[in-house]
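Residue numbers (our numbering), protein chains in the order written: chain Z, 1 to 436; chain P, 437 to 872. Cβ coordinates follow ideal geometry from the N, Cα and C atoms, glycine included. Note that this is a predicted model, so its numbers are computed, not measured. What follows is a set of notes on a single structure, which appears directly below.
Below, the structure is given as structure tokens:
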């Protein structure tokens, strides 16, 4: 016997998890369509060199390679953004500009699996990107999209934090920090939410920053308030050098507001950093303040240099990932349920040999009318049929034995109320349509 | 620069291919739901030993292995049936019986890629299976499902060939063939449709069969007609030994007919073999006689021993694969189009700086009303906006410059008829809803 088992960090999605997941993805797709995005899929397997040099050295270690040919040739994709850049570079001559695509597929990372904390080695990404358009209009449109998606699902209290990747070097310059690197400082600052200021200060000290440097850094990171206010205070501290970035942020906030995103949902958060190497401009993340431990439900930003790696020409781009798994967790905790799933509520019993043909023809008729019905898998006692239907959580049991066949009717038993009624076939169709 | 490229045998699915594909998959899912099937997904990566020993030696050579840990540990799945068996064995204690699941995901095979002939190394499988129920009821239900799926798509002329895996050893015994093995003979006979009888005879001779053996084999393979007739003639040739199998086929055909599958769609074809090692009972394949070169649109059968490999206990099972790619090819050739795709028909121009806020708020309003709209990616001349919309195949261009803003209207230009009309925002919403 072969022991049936899964590799650590991988999971099956059984039906009870697939049904809400499919419903959510369908919902998200509708929003994407409304915004004029079209679907794209790319292969799971890419050439290794297509993937390398984009995620940072920590990320690259997590790429699964194939043992096909030599192990340096092929690998499983790590995200959907690099494959998009590769696709764009291969097809840009006949793609309409700007190219707006979404992609919902699995990605693979050889992470240290922590399944109880929801860290898996295979997971869905749900990405939407706009390639070939300059900031800040597409960036603002993505904020509007995130706002629509989360509101429509039924989340009322959420915030979208935004910042700009080009601020950080200016912050470091202001604080007199030349080393360690931007990315090292960013990685520590990124933990502010999770660790709190005190611990972040300790970690910054470990990086070799002086108390004075850390104080000056927090002069800036502590700034908070309305976007306009933040921009004014930043400008007064950092002067002309950041006027370009501030102007872009200002126009961005104006557009986000024209799109109707409520002011209280938007936070200009200077400590927002985003991990991946390829971001170059406006970045953003959406959170539920009620469930800070879930992390960001959506996040993304501008990456104007990534596509250029494949075509020696700069191509502006921005995008966001919608965290399907995290949203499902948050929905469960908030007791939000999307519209009923399109699955069978009706189980048709099989217990009388003489009426099998009658049952089969009615099952078939109901299904052709669009009514979902599960037919019992075998002929057995009515009691056994009831047990099976109950175990499968069906509400209604349809019964057609010799009596019903001779009267050309079907009995419908409500397994909850235990009421039972007889219907002619046309009444049954009408009743069934009412269920859907 | 990194050269953007794809590994041979792999392909991107660009939007123009994704849209009909998604529509078809949605259609197939509806049919699955109607039959009471629920979705399952399993990981792309499985332990190698979970996959080996099920596909035959030819199949096993095509399994992609990972270079993770040692190359003998992990591999990409080859199909969705073996992962289902593995899942069932791991979860059977809490699965309702019979377990009816569908799974629509990609699989990977290191095939000799022939992309012009549609043979890729990564492709979708769309599988539906019933585990834990004996023949012939579930098998008949799958025939009904295939019939519904193909009819509903719009195919009128198709045939479903069926046979039984257990016939072959009896055929060989009748013909006095002891060697080569069943599977070798099956593989050659399977080519009858493609090569014709003459070439198949030559190949059988190459396998070492005598003229008399081949003649006797074709005494049986040449039998054709109504199911009842075929069964009678088979019984008279092979006698009692096949009465069990014939009885199962007879009950199967009766049930298929009770499900309302038209008689002329069903063929009892003794030369139908099906490639994979794991089949044990009734097998079937659906074809379009008008496009024989496309091959089978759906096919499957009973595999009562596969699940048992993972749990030392026999578990009856049957299933079918729906060939999404082949169906799409057949739809294109038959000029069948499924109901309109849910994508934007409306492109909103951006050409006047002073009315950007006005445009953004209307775009947002339309989308929240459920109307798909693509917003121009940048401010540019009206002419450029028209060119972009035309390149993206949009029918309607929405225009709101200073004039429209001051009048609180939006102009809608039909890019086909070149007519232009002005709408208030509420009229616009009404018009937009009429488009969907």
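Next on the checklist: Checking the sheet assignment: what are the DSSP bridge partners for residue 539 of chain P?
Outcome noted: DSSP lists P/563 as the bridge partner or partners of residue 539 of chain P.
Item to check | Contact between the stretch 580-597 of chain P and the stretch 374-381 of chain Z (3+ Cβ pairs under 8 Å) | outcome: With a cut-off of 8 Å, the stretch 374-381 of chain Z and the stretch 580-597 of chain P do not count as touching, because too few Cβ pairs lie within range.
Checklist entry - Can residue 464 of chain P and residue 772 of chain P be called in contact, C-beta distance under 7 Å? => result Taking 7 Å as the Cβ cut-off, residue 464 of chain P and residue 772 of chain P do not qualify as a contacting pair.
Item to check | Contacts of residue 67 of chain Z in chain P (Cβ-Cβ under 7 Å) | outcome: Residues of chain P passing the Cβ test: 501, 502, 503 and 507.
Checklist entry - In chain order, what residues of the same chain have a beta carbon less than 7 Å from the beta carbon of residue 838 of chain P, not counting five sequence neighbours either side? => result The answer, listed in chain order, is 788, 790 and 791.
Item to check | Touch test, the stretch 511-528 of chain P against the stretch 562-570 of chain P, Cβ-Cβ under 8 Å, three pairs minimum | outcome: Because the criterion of three Cβ pairs below 8 Å is met, the stretch 511-528 of chain P and the stretch 562-570 of chain P touch.
Checklist entry - CB-CB under 6 Å to residue 841 of chain P, same chain, minus the five flanking residues each way: which ones, in chain order? => result By the criterion of a C-beta distance shorter than 6 Å, residue 841 of chain P is surrounded in its chain by 791 and 794, once the five residues flanking it on both sides are discounted.
Checklist entry - Quick one: what's got a C-beta closer than 7 Å to residue 113 of chain Z's C-beta in the same chain, skipping five residues either side? => result Here the set comprises 8, 9, 119, 120 and 121.
Checklist entry - Any beta-carbon of chain P closer than 7 Å to the one on residue 331 of chain Z? => result With a threshold of 7 Å between beta carbons, residue 331 of chain Z makes no contact with chain P.
Checklist entry - Listing by chain order, which chain Z residues have their CB less than 8 Å from the CB of residue 435 of chain P? => result Any answer about residue 435 of chain P is impossible in this case: the structure gives chain P only from 437 up to 872.
Item to check | Range of the contiguous alpha helix (DSSP H) that encloses residue 459 of chain P | outcome: Segment 451-470, the alpha helix (DSSP H) holding residue 459 of chain P.
Checklist entry - Among Z/280, Z/176, Z/13 and Z/372, which one has its Cα closest to the Cα of residue 302 of chain Z? => result Closest option to residue 302 of chain Z, Cα to Cα, is Z/280.
Checklist entry - Is residue 570 of chain P near the ligand PLP, with its Cβ less than 6 Å from a heavy atom? => result What this structure holds is no ligand at all, so the ligand PLP is not there to describe.
Checklist entry - Got a sec: is the Cβ-Cβ distance from residue 828 of chain P to anything in chain Z below 7 Å? => result Taking Cβ atoms only, chain Z reaches closer than 7 Å to residue 828 of chain P, which makes this a yes.
Checklist entry - Using a Cβ-Cβ distance under 7 Å, would residue 189 of chain Z count as near chain P? => result By this cut-off, residue 189 of chain Z is not an interface position.
Checklist entry - Mind checking if residue 230 of chain Z is an interface residue toward chain P, Cβ cutoff 7 Å exclusive? => result Chain P contact via Cβ: absent.
Item to check | Residue from Z/76, Z/70, Z/72 and Z/66 with nearest C-alpha to residue 509 of chain P | outcome: Here the closest residue by C-alpha is Z/66.
Item to check | Neighbourhood of residue 307 of chain Z by C-beta, 7 Å cutoff - its chain only, sequence neighbours within 5 removed | outcome: 85, 88, 89, 131, 315 and 317, listed in sequence order.
Item to check | Nearest-angstrom Cβ-Cβ length linking residue 441 of chain P and residue 287 of chain Z, presumed shorter than 8 Å | outcome: In fact, because the Cβ distance is near 39 Å, the residues do not count as touching under 8 Å.
Checklist entry - Taking 7 Å as the CB-CB cut-off, is residue 360 of chain Z touching chain P? => result Residue-level contact check: residue 360 of chain Z touches chain P, since one or more beta carbons of chain P fall below 7 Å from its beta carbon.
Checklist entry - So with Cβ pairs under 7 Å, would you call residue 523 of chain P a contact of chain Z? => result Taking Cβ atoms only, chain Z reaches closer than 7 Å to residue 523 of chain P, which makes this a yes.
Checklist entry - Who are the neighbours of residue 573 of chain P on chain Z, taking C-beta pairs under 9 Å? => result The contacting residues are 350, 356, 360, 375, 376, 377, 378 and 379.
Item to check | Contacting residues, own chain, Cβ-Cβ under 8 Å from residue 806 of chain P (five flanking each side not counted) | outcome: Exclusion of the five residues before and after residue 806 of chain P leaves 869 and 872 as the residues of its chain whose Cβ lies within less than 8 Å of its Cβ.
Checklist entry - By the criterion of Cβ-Cβ separation under 9 Å, what are the contact partners of residue 442 of chain Z in chain P? => result Nothing about residue 442 of chain Z can be read from this structure; chain Z reaches only from 1 to 436.
Checklist entry - Which residue from Z/411, Z/124 and Z/419 puts its Cα closest to that of residue 348 of chain Z? => result The residue with the shortest Cα to Cα distance from residue 348 of chain Z is Z/411.
Item to check | Residues that residue 451 of chain P contacts on chain Z, provided the C-beta gap is smaller than 7 Å | outcome: Identification of chain Z residues near residue 451 of chain P by a Cβ-Cβ cut-off of 7 Å yields 38, 39, 40 and 101, ordered along the chain.
Checklist entry - Along the chain, which unbroken stretches of the alpha helix (DSSP H) at least 4 residues long are found entirely within the stretch 203-270 of chain Z? => result Listed in chain order, they are 211-221, 227-238 and 243-258.
Item to check | the stretch 608-624 of chain P / the stretch 642-653 of chain P touching (three or more Cβ pairs under 8 Å) | outcome: Yes: the two stretches touch, three or more of their Cβ pairs being nearer than 8 Å.
Checklist entry - Is residue 75 of chain Z helix, strand or coil when you go by DSSP? => result Residue state, collapsed to three classes: strand.
Checklist entry - the stretch 455-466 of chain P: which residues have C-beta closer than 8 Å to a C-beta of chain Z, in chain order? => result Residues of the stretch 455-466 of chain P that bring their beta carbon within less than 8 Å of a beta carbon in chain Z comprise 455, 458 and 466, in sequence order.
Next on the checklist: For a test of the three-state rule: what should DSSP assign to residue 302 of chain Z, helix, strand or coil?
Outcome noted: Assigned with DSSP and collapsed to three states, residue 302 of chain Z falls in strand.
Checklist entry - Buried or exposed: residue 661 of chain P, going by 16 or more other Cβ atoms within 10 Å of its Cβ? => result Using a 10 angstroms sphere on the CB of residue 661 of chain P, the tally of other CB atoms stays under 16, which defines it as exposed.
Checklist entry - For residue 543 of chain P, which residues from the same chain have a beta carbon less than 7 Å from its beta carbon, with the 5 sequence-adjacent residues on both sides left out? => result Excluding its 5 nearest sequence neighbours in each direction, residue 543 of chain P has C-beta neighbours in its own chain below 7 Å: 513, 514, 515, 516, 559 and 561, listed in chain order.
Checklist entry - From the beta carbon of residue 312 of chain Z, is the nearest beta carbon of chain P less than 7 Å away? => result By this cut-off, residue 312 of chain Z is an interface position.
Item to check | Cα-Cα separation, residue 391 of chain Z to residue 17 of chain Z | outcome: Per the coordinates, the alpha-carbon of residue 391 of chain Z lies some 17 Å from the alpha-carbon of residue 17 of chain Z.
Next on the checklist: Beta carbons nearer than 9 Å to chain Z: which residues of the stretch 731-747 of chain P have them?
Outcome noted: The residues in question are 744, 745, 746 and 747.
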